[in-house]
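Residue numbers (the numbering used here): 134 to 224.
All C-beta atoms in this analysis are idealised placements derived from N, C-alpha and C, irrespective of residue type, glycine included.
Since this is a predicted model, take the numbers as computed values, not measurements.
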């Protein structure tokens, strides 16, 4: 079973989010159980600051433990974290 989450961060937290994604992908090279992918920018019309779209990352893991580690690192390291939500399979 795969665990998939959509992670939405503020544009001003791009560097921290990229650092977390890189760290998790480095771990995944060894453990083969996780991957974090930058999926693009969100809807600019829903932001407080004009032209600042949120950034969307997709986290995929093969087990719950790896997903917990990914989400905990995003919560701990990314200053502007809007949401982490489950993605339904085949949605």
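Q) Of the residues 139, 197, 138, 153, which one's Cα is nearest the Cα of residue 212? A) 153
Q.
Please return the same chain residues whose Cβ sits closer than 6 Å to the Cβ of residue 215, not counting the five positions on each side in sequence.
A. 141, 187
(Q) Buried or exposed for residue 148, going by 16 or more other Cβ atoms inside 10 Å? (A) exposed
Q) Roughly how many whole angstroms lie between the Cα atoms of residue 200 and residue 193? A) In this structure, the straight-line span from the alpha carbon of residue 200 to that of residue 193 is close to 7 Å.
Q | Collapsed DSSP secondary structure at residue 172 in the structure displayed | A | When DSSP states are grouped into helix, strand and coil, residue 172 belongs to the strand group.
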